[in-house]
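Asks: Before I ask anything, let me first share the structure, which is written out below as structure tokens.
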Ligand code: H79
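Numbering (my numbering), first residue to last: 712 to 1293.
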């Protein structure tokens, strides 16, 4: 088998990536002996992600190993798992062959610490899964923790059993377990779609290269994710649950949780709603990424019912609207529209409408001629289209006659057939619902050329917020195109920290043209920030009202006037919004 796959020839990168670019949506499966404690150790609930329990509770290897004897997933049924993925419209499955705890979930010949040799279950579930995937036409892929292995004295991560890092010989671990196990997972289960390495922190470039070469050696067309280390890999991996605020060029993927853990936790019921999941899927794909959504099966081998139900609802939506997701490309707008998201295909633009306005849908900025428009839920019925151009403010407007009621209560997709490649006004546009959304990620940072210490410079944070407002000399500004003159409330959205902490009291100033409004930030309502894990929210403060008499380009500037210090005191600016005042 090994020899046979080794003789495969390597295809071009585009050919190797083709299935993955078409897929857009995959299932992550975190399954291991951590599902036995399921988040509870010696009667205590252990905070954090479930598969980290050994680390968080500092469980000695000798004690953690005993969990294997209690791991007997008699309800495991590979066909059922694959059916759940397929029903969800997921095209690939990435399962943990070995997570940081070091336990192999397949039959490993080079370590007895594996599901066949160390549990009463004795079956190799990966073998069963490989067969089920093949039958169903789903790509099987493996997660493999290459750097951390808390079971091995020479690998990274376990400092409670082996505190002395100087005694660790990572190359020895690689030669004796890491690389041989990667060979096993690539030679024992047929063709593998991709190897998903993780947490490459402090791995050396040469070590990363060996892990990557090991994959291509046995399966030249297998992909490698972006976490092998040192930017080596076939595509970029965003942080866990991290969604970029706007389109990101190139191939990328967001791994994400359905609740707040990867490995099963008995008491985590914080499931995202079907609406959240669909908005996340649409949002990620419209920015050019793949969505790898996790399930954490129990120690009995069952994917929790709340997961299966939600996934089925997503799959039902995809049956109608999948054309706008699979094989599609990113939105041509350099920012989020808010009320809708866009995906594209050659000569086609898909408008995923999240807030249905009723009767008429208006889209600003599309320059192409639209030759045909229809709902994916009702393809045969052409929608009437009108297009206008306002020369005075250089604004293209598209109007569609649509049913008063949305065909789908979460997201209804309209296909627009267009002449030529999609061409959009790149200016930041007011949206037809009146909202002006000025995301921090595309604002212009202004700081004094001199006088600021490096540590006082503003930074763009992981979730799109501009962070590190440690001084009052810096500002953030935008230009936007206003379509509708009128009165607007100025709302500041700032982010909590990862614990949901947020400090009130920063005094800020927002200037719109020649008008300025000022105020202190106070919590007037929170919304989950969908670009970040569940614990992050955006906190809204209305700080004033401005009156804009003229359509066209306007400038907005945000500047802090007095900053409060304290825990969670540092301001993280997510966006400024202008909302039509009644
Ligand atoms: O496999 C999943 C995670 O286990 C893995 N990546 C996804 C796909 C991952 N490994 N490390 N991390 C994620 C970062 C871990 C951060 C934390 Fe913690 C673990 C926060 C809370 C628990 C370590 C322990 C840092 C703080 C406490």
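In this text, a Cβ means the ideal position worked out from N, Cα and C, and glycines have one as well.
Cutting at 6 Å between CB atoms, please list the residues of its own chain near residue 1218, excluding the five before and the five after it.
Replies: Within the same chain, residue 1218 has close Cβ partners 1231, 1272, 1273.
Asks: What are the start and end residues of the beta strand (DSSP E) that includes residue 1188?
Replies: First-last of the beta strand (DSSP E) with residue 1188: 1186 to 1193.
Asks: Under three-state DSSP, which class holds residue 735?
Replies: Looking at residue 735 - three-state DSSP - the assignment turns out to be coil, as it is neither helix nor strand.
Asks: Measure the C-alpha to C-alpha separation of residue 890 and residue 918 and round it to an integer number of angstroms.
Replies: So the alpha carbons of these two residues sit roughly 10 Å apart.
Asks: Nearest-angstrom Cα distance between residue 719 and residue 931?
Replies: About 7 Å.
Asks: Who are the near neighbours of residue 1058 in its chain, counting only those whose CB is closer than 7 Å to its CB and skipping five residues on each side?
Replies: Around residue 1058: 1128, 1129.
Asks: What are the uninterrupted segments assigned as beta strand (DSSP E) that are 3 or more residues long and contained completely in the segment 923 to 974, given in chain order?
Replies: Those beta strand (DSSP E) runs which fall completely within the segment 923 to 974 and span 3+ residues are 963 to 967.
Asks: If you drop the 5 nearest sequence neighbours on each side, which residues of the same chain put their C-beta closer than 6 Å to that of residue 1104?
Replies: Excluding sequence neighbours, residue 1104 sits near 1262, 1263.
Asks: Beta strand (DSSP E) containing residue 1083: first to last residue?
Replies: Per DSSP, residue 1083 belongs to the beta strand (DSSP E) from 1081 to 1086.
Asks: Give me the Cα-Cα distance between residue 1275 and residue 1122, rounded to the nearest whole angstrom.
Replies: C-alpha separation (whole angstroms): 41 Å.
Asks: Suppose only complete runs of 3+ residues qualify. What are the beta strand (DSSP E) ranges in the segment 1103 to 1128, listed by chain order?
Replies: Complete beta strand (DSSP E) runs here, min 3: 1106 to 1112.
Asks: Which of the three DSSP states, helix, strand or coil, is assigned to residue 757?
Replies: If DSSP states are grouped into helix, strand and coil, residue 757 belongs with coil.
Asks: With burial defined as no fewer than 16 other Cβ atoms inside 10 Å of the residue's Cβ, what is the status of residue 913: buried or exposed?
Replies: When all chains shown are included, residue 913 counts as exposed.
Asks: Can you tell me whether residue 937 sits near ligand 1, meaning its C-beta is under 7 Å from at least one heavy atom of the ligand?
Replies: Result no, Cβ not under 7 Å from ligand 1.
Asks: Who are the Cβ neighbours of residue 1270 in its own chain at under 6 Å, not counting the five residues just before and after it?
Replies: Excluding sequence neighbours, residue 1270 sits near 1186, 1220.
Asks: Going by beta-carbon coordinates alone, are residue 1041 and residue 958 separated by less than 8 Å?
Replies: Result yes, Cβ atoms of residue 1041 and residue 958 sit closer than 8 Å.
Asks: Any heavy atom of ligand 1 within a distance shorter than 7 Å of the CB on residue 995?
Replies: Because no heavy atom of ligand 1 lies under 7 Å away, the Cβ of residue 995 does not count as near it: no.
Asks: Counting Cβ pairs closer than 8 Å, one from the segment 1011 to 1027 and one from the segment 788 to 800, do we hit at least three?
Replies: In short, these stretches touch, since the Cβ pair count reaches three.
Asks: Could you tell me whether the Cβ atoms of residue 1290 and residue 1202 are closer together than 8 Å?
Replies: Yes, Cβ-Cβ distance for residue 1290 and residue 1202 is below 8 Å.
Asks: Starting from the N-terminal side, write out each stretch of the alpha helix (DSSP H) that is 4 residues or longer and does not extend beyond the segment 833 to 908.
Replies: With a minimum length of 4 residues, the continuous alpha helix (DSSP H) runs that stay inside the segment 833 to 908 are 836 to 847, 881 to 884, 890 to 898.
Asks: Please say whether residue 978 and residue 754 have beta carbons closer to each other than 8 Å?
Replies: No, these two residues do not count as a Cβ contact at 8 Å.
Asks: Note down, in chain order, each residue of its chain lying with its Cβ closer than 6 Å to the Cβ of residue 877, except the 5 sequence neighbours on either side.
Replies: Once the five neighbours on either side are set aside, residue 877 has no close Cβ partner at all.
Asks: Compare the beta carbon distance of residue 1007 and residue 761 with 8 Å and say whether it is the shorter of the two.
Replies: In contact: residue 1007 and residue 761 (Cβ atoms closer than 8 Å).
Asks: Does residue 938 pass the burial test, meaning 16 or more other C-beta atoms within 10 Å, or should it be called exposed?
Replies: Buried, since its Cβ has 16 or more Cβ neighbours within 10 Å.
Asks: What are the residues that DSSP puts in a beta bridge with residue 1269?
Replies: Bridge partners of residue 1269: 1187, 1221.
Asks: Do residue 1124 and residue 1001 have their CB atoms nearer than 8 Å?
Replies: No, the Cβ-Cβ distance between residue 1124 and residue 1001 is not below 8 Å.
Asks: Pull the bridge partners of residue 1101 from the DSSP assignment, please.
Replies: Paired residues: 1106.
Asks: Checking 8 Å against the spacing of the C-beta atoms, do residue 742 and residue 904 come in under that value?
Replies: Not a contact, by the Cβ cut-off of 8 Å.
Asks: For ligand 1, is there any heavy atom lying closer than 7 Å to the beta carbon of residue 744?
Replies: No, since every heavy atom of ligand 1 falls outside the 7 Å radius drawn around the Cβ of residue 744.
Asks: Opposite residue 1096 in the DSSP bridges: which residues?
Replies: Per DSSP, 1111.
Asks: What is the DSSP secondary structure of residue 1226, reduced to helix, strand or coil?
Replies: Strand at residue 1226.
Asks: Taking the straight line between their C-alpha atoms, what separation do you get for residue 777 and residue 901?
Replies: When rounded, the distance between both Cα atoms is 31 Å.
Asks: At a threshold of 7 Å, does residue 965 count as lining ligand 1 (C-beta to nearest heavy atom)?
Replies: False, no ligand heavy atom lies under 7 Å from that Cβ.
Asks: Which residue wins for smallest C-alpha separation from residue 1205, given the options 1178, 775, 1138, 1191?
Replies: Of the listed residues, the one whose Cα sits closest to residue 1205 is 1178.
Asks: Under 7 Å: does the beta carbon of residue 756 sit that close to some heavy atom of ligand 1?
Replies: Not so, every heavy atom of ligand 1 lies at least 7 Å from the Cβ.
Asks: Return the first residue and the last residue of the alpha helix (DSSP H) that residue 1026 is part of.
Replies: First-last of the alpha helix (DSSP H) with residue 1026: 1016 to 1032.
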